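2 protein chains.
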Amino acid sequence: MGRLTGGDPSLLRRINSAVVLHSLRDAGDLTLTDLTRITGLSRPTVEGVVEGLIETGLVVESAPAEGEARKQGRPARRFRFRAEAGHLLGIEIGPHRVAALISGLDGRIIGAGSRVVSETADADERLDRVRLVVADVLRRTGVSRGSLRAVGVGSPGIVEADGTVRLGTALPQWTGLPLGERLRRSFRCPVLVENDANAAAVAEQWKGAAIDSDDIVFVLAGLSPGAGALIGGRLHRGFGGAAGEIGALHLLGRGATPETLLSTTDEPLHPLDEQAVAKVFADAKGGDVRAQEAVERFIERLVHDVAALVLALDPELVVIGGWAAGLDGVLDPLRDELSRFCLRPPLVALSLLGEAAVATGALRLALDHVEEQLFAVEGTVTARR
Amino acid sequence: MGRLTGGDPSLLRRINSAVVLHSLRDAGDLTLTDLTRITGLSRPTVEGVVEGLIETGLVVESAPAEGEARKQGRPARRFRFRAEAGHLLGIEIGPHRVAALISGLDGRIIGAGSRVVSETADADERLDRVRLVVADVLRRTGVSRGSLRAVGVGSPGIVEADGTVRLGTALPQWTGLPLGERLRRSFRCPVLVENDANAAAVAEQWKGAAIDSDDIVFVLAGLSPGAGALIGGRLHRGFGGAAGEIGALHLLGRGATPETLLSTTDEPLHPLDEQAVAKVFADAKGGDVRAQEAVERFIERLVHDVAALVLALDPELVVIGGWAAGLDGVLDPLRDELSRFCLRPPLVALSLLGEAAVATGALRLALDHVEEQLFAVEGTVTARR
Numbered sequence: 001m002g003r004l005t006g007g008d009p010s011l012l013r014r015i016n017s018a019v020v021l022h023s024l025r026d027a028g029d030l031t032l033t034d035l036t037r038i039t040g041l042s043r044p045t046v047e048g049v050v051e052g053l054i055e056t057g058l059v060v061e062s063a064p065a066e067g068e069a070r071k072q073g074r075p076a077r078r079f080r081f082r083a084e085a086g087h088l089l090g091i092e093i094g095p096h097r098v099a100a101l102i103s104g105l106d107g108r109i110i111g112a113g114s115r116v117v118s119e120t121a122d123a124d125e126r127l128d129r130v131r132l133v134v135a136d137v138l139r140r141t142g143v144s145r146g147s148l149r150a151v152g153v154g155s156p157g158i159v160e161a162d163g164t165v166r167l168g169t170a171l172p173q174w175t176g177l178p179l180g181e182r183l184r185r186s187f188r189c190p191v192l193v194e195n196d197a198n199a200a201a202v203a204e205q206w207k208g209a210a211i212d213s214d215d216i217v218f219v220l221a222g223l224s225p226g227a228g229a230l231i232g233g234r235l236h237r238g239f240g241g242a243a244g245e246i247g248a249l250h251l252l253g254r255g256a257t258p259e260t261l262l263s264t265t266d267e268p269l270h271p272l273d274e275q276a277v278a279k280v281f282a283d284a285k286g287g288d289v290r291a292q293e294a295v296e297r298f299i300e301r302l303v304h305d306v307a308a309l310v311l312a313l314d315p316e317l318v319v320i321g322g323w324a325a326g327l328d329g330v331l332d333p334l335r336d337e338l339s340r341f342c343l344r345p346p347l348v349a350l351s352l353l354g355e356a357a358v359a360t361g362a363l364r365l366a367l368d369h370v371e372e373q374l375f376a377v378e379g380t381v382t383a384r385r
Numbered sequence: 001m002g003r004l005t006g007g008d009p010s011l012l013r014r015i016n017s018a019v020v021l022h023s024l025r026d027a028g029d030l031t032l033t034d035l036t037r038i039t040g041l042s043r044p045t046v047e048g049v050v051e052g053l054i055e056t057g058l059v060v061e062s063a064p065a066e067g068e069a070r071k072q073g074r075p076a077r078r079f080r081f082r083a084e085a086g087h088l089l090g091i092e093i094g095p096h097r098v099a100a101l102i103s104g105l106d107g108r109i110i111g112a113g114s115r116v117v118s119e120t121a122d123a124d125e126r127l128d129r130v131r132l133v134v135a136d137v138l139r140r141t142g143v144s145r146g147s148l149r150a151v152g153v154g155s156p157g158i159v160e161a162d163g164t165v166r167l168g169t170a171l172p173q174w175t176g177l178p179l180g181e182r183l184r185r186s187f188r189c190p191v192l193v194e195n196d197a198n199a200a201a202v203a204e205q206w207k208g209a210a211i212d213s214d215d216i217v218f219v220l221a222g223l224s225p226g227a228g229a230l231i232g233g234r235l236h237r238g239f240g241g242a243a244g245e246i247g248a249l250h251l252l253g254r255g256a257t258p259e260t261l262l263s264t265t266d267e268p269l270h271p272l273d274e275q276a277v278a279k280v281f282a283d284a285k286g287g288d289v290r291a292q293e294a295v296e297r298f299i300e301r302l303v304h305d306v307a308a309l310v311l312a313l314d315p316e317l318v319v320i321g322g323w324a325a326g327l328d329g330v331l332d333p334l335r336d337e338l339s340r341f342c343l344r345p346p347l348v349a350l351s352l353l354g355e356a357a358v359a360t361g362a363l364r365l366a367l368d369h370v371e372e373q374l375f376a377v378e379g380t381v382t383a384r385r
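And the structure:
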């Protein structure tokens, strides 16, 4: 706070620059007069700032619009934010596939790619597959690697701030993997690694089912459930990055694991065997009593998980994603049970982004990182979006 | 952000005034030269600001220290923050007692009082009791009612932002009670009502077991458990103020209520019957097998509640308060079980404030409110101690 009283001219210059860039990004083409009006800055200040932004490549003079040239006199120069001045990648590394999305600095997605990967693939093989997908996406969009400003990565597990996977049982060799460090070798820009459910929560708020809410829980429902939460619009990672890793609640007391719950035989299902799970749900629909009982047990457990999250966090909205989101009959019992047991039942919605949620969230996190550099100045706060 | 670029002189004056007041509160007696050095402001600015603060009564010239007068020349004038320029109340309204604490603007407690109240007392009777305790505390400390700057209140239930109890089953006639409005009739200052577990969480971080942590869960353990959480040092109330109301998790599935769990007969215990509960724990210690089993069931359920909170929120520290905190044998099994089931087990500690936690937290919330007015200026952020 004391800093703001000192009248530091370079801080003021940075603030002014961020304000002008913000206006150009949000409003599209603007004249110097427009910018003076919107920002409240003086004409000479705006001229100086715009000149500086043109030098960095973040702003460019737009071509005069049709008709402008026909008006009398010289048309006012217009300027626009150069979204193409840099690019961002969002990467998902999952048990069965790796995927990547690419965007410009405005977050608009301009390319995507994915490859299947075996759930038994070791870390080297899985990361090779990531590199292939990335190279492919860059090649097809014609974006040079040097244009990347940040890379976001979503992956199962508890992830440390430096991108090391502290615990990740869903993928072979994942626990202890310095995932951020390994991927940084392929890029000359920051690489940010995030838990997959956390990334998906961010994505659903950005372009999915949670656009209107700042207080959400995203449940990556499946045999090994995880969750991500936004509180007041900000990702809640927890003190050690383990927030929302609700799966262990099953292990308490006499609780069965979901693998056992969904099994219609005496053998538990494999945690990642989506085909087997889909078959149980299909059988249940077809009238198989044992399968119906298994589905009931599974939903009961999902309700319990979600209820624990809801009672602890009290979100406005719960978004259900992961493969369970594609299965009929999960949402209604969930709503009913939450209404019965929660003092203030939240809204419940299905993921709108589906399979794309994790990579989309990873991209948004990369974009947040870059926007922080472009628009935020030490000691000031900018609204998100 | 744009606002900071405009050079609004009255905003600058308010910032400068807050900076000077902050320095005086934190550092004690200071000369104008000290203030110039600490704040980076010019001498004339500091002089003008200090003069304004003296006019408001928040700052006073200190008496010269012994010895100062003996030095040659006129000693430099020293100034101090007047903690006695205003006062704050922290009130607990519980099932069995009401209590109040009073402090000056520095948060140092200068008086306390409490009265028992019957758990069957209706809302009018309970509020009458509160007024008696408050009048008593004011009289004994010689503080006039007009000197109160804010009143904080901690009470069971889900509390709306305006101080209405949305749901409060622990106290008769509590659900729907416009508690804030009712109490505001007794005071000419803001009255802030908060859930009791939330208030206790704030208190433990202020002066209790959680001084060193910003990410804590406080569990008000008892037959009807509640919890409060601080995330990054800020109270997490949830979207509808219901965060941490984990008690309902018992009702899911086949779970028994804690009243049943702790009963050694076929009759459930009364939810608020602390004597009966203490007897069960004492009997268990004395070797009574039925009581031992009851205690085991109770602890198992407490572990489950706390685990749900820990998995959802991933705090650094869990503080156990409420009457269960006074009972032997709760902490060790809790630590053991959390280590087994949580991916990143938190530290577990007992409340240091005990019975005083709720009123202390209520006082802190009142102090926060006043400090926001004194030290924070629109568009600036002040660190919380």
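From first to last, the protein sequence lines are chains A and B.
Residue 8 in the UniProt record's numbering sits at position 8 of the first sequence, and the numbers go up by one each step.
Residue 168 in the UniProt record's numbering sits at position 168 of the second sequence, and the numbers go up by one each step.
All C-beta atoms, glycine included, are put in the ideal place defined by N, C-alpha and C.
Small disclaimer: the values here were computed from a predicted structure and weren't measured.
Residues that R97 of chain B bridges to, as DSSP identifies them
B:V116
Excluding the 5 residues flanking T36 of chain A on each side, which residues of the same chain have their C-beta closer than 6 Å to its C-beta?
R43 and V46
What three-state label does DSSP hand E61 of chain B in the structure shown?
strand
Assigned secondary structure, G321 of chain A (DSSP; H/G/I helix, E/B strand, else coil):
strand
I need the straight-line Cα distance from A221 of chain B to W323 of chain B, nearest angstrom please.
6 Å
List, in chain order, every chain A residue whose beta-carbon is nearer than 8 Å to that of D215 of chain B.
G238 and F239
Among residues of its own chain, excluding the 5 on either side of D106 of chain B, which ones have a beta-carbon nearer than 6 Å to its beta-carbon?
A83
Could you pull the start and end residues of the beta strand (DSSP E) that L350 of chain A belongs to?
L347 to L350
DSSP puts E47 of chain B in a beta bridge; with which residues?
Beta-bridge pairing links E47 of chain B to no other residue.
Where does I211 of chain B sit, in a helix, a strand or coil, going by DSSP?
coil
Environment of D314 of chain A [buried if 16+ CB atoms lie within 10 Å]
buried
Which residues in chain A have a C-beta closer than 7 Å to the C-beta of A312 of chain B? List them in chain order.
A243, G244, I246, A308, L309, A312 and L313
Mind pulling the alpha helix (DSSP H) runs of 4 or more residues that sit fully within the stretch 117-142 of chain A?
123-141
Nearest to R237 of chain A by CA position, among A:I211, A:A201, A:L311 and A:A209, is which residue?
A:A201
For L249 of chain A, I'd like the list of residues in its chain whose CB is within less than 7 Å of its CB, leaving aside the five on either flank, ordered along the chain.
D305 and A308
Our contact map puts A199 of chain A next to G361 of chain A with C-beta atoms below 8 Å; I'd like the distance itself, whole angstroms only.
3 Å
Any beta carbon of chain B sitting closer than 8 Å to that of R167 of chain A?
Note that residue 167 of chain A is Leu in the sequence shown, not Arg. Closer than 8 Å to some Cβ of chain B, the Cβ of L167 of chain A qualifies, so yes.
Strictly below 8 Å CB to CB, what residues from chain A border G316 of chain B?
Residue identity differs from the one stated: residue 316 of chain B is Glu in this sequence, not Gly. Residues of chain A passing the Cβ test: F239 and G240.
Using 8 Å for Cβ pairs, my map puts V153 of chain A next to V193 of chain A. What's the rounded Cβ distance?
5 Å
For chain A, is any of its Cβ atoms less than 8 Å away from the one on I299 of chain B?
no
Sort B:E92, B:A112 and B:A150 by Cα distance to G86 of chain B and report the nearest one.
B:A150
Where does the unbroken alpha helix (DSSP H) through V358 of chain B begin, and where does it stop?
A357 to F375
Spatial neighbours of A284 of chain A in its chain, beta-carbon cut-off 6 Å, leaving aside the 5 residues before and after:
A291, Q292 and V295
Starting from the N-terminal side, write out each stretch of the beta strand (DSSP E) that is 3 residues or longer and does not extend beyond the stretch 164-213 of chain A.
165-167 and 191-195
What does the alpha-carbon distance come out to for the pair I54 of chain A and V165 of chain A?
40 Å
Between the alpha carbons of D124 of chain B and E245 of chain B, how many angstroms are there, rounded?
26 Å
Quick check: L179 of chain B and P95 of chain B, are their CB atoms within less than 8 Å of each other?
no
Determine whether the Cβ of I158 of chain A lies closer than 8 Å to any Cβ atom of chain B.
yes
What whole-angstrom Cβ distance do I93 of chain B and S155 of chain B have, given they're in contact under 8 Å?
4 Å
So, under 8 Å CB-CB, residue 395 of chain A and T31 of chain A are touching, yes? Tell me the CB distance rounded to an integer number of Å.
Given a span of 1 to 385 for chain A in the structure shown, any question on residue 395 of chain A remains unanswerable.
Report the rounded CA-to-CA distance for R131 of chain B versus S186 of chain B, giving the unit in angstroms.
8 Å
Counting only beta-carbon atoms, is R131 of chain B nearer than 8 Å to chain A?
no
Provide the residue span of the beta strand (DSSP E) that contains T246 of chain B, from first to last.
According to the sequence as given, residue 246 of chain B is Ile; it is not Thr. Taken as a continuous stretch (DSSP letters only), I246 of chain B belongs to no beta strand (DSSP E), as it is neither H nor E.
Nearest-angstrom Cβ-Cβ length linking R115 of chain B and V133 of chain B, presumed shorter than 8 Å:
5 Å
Measuring CA to CA, which of A:A227, A:F218, A:G163 and A:S147 is closest to R188 of chain A?
A:S147
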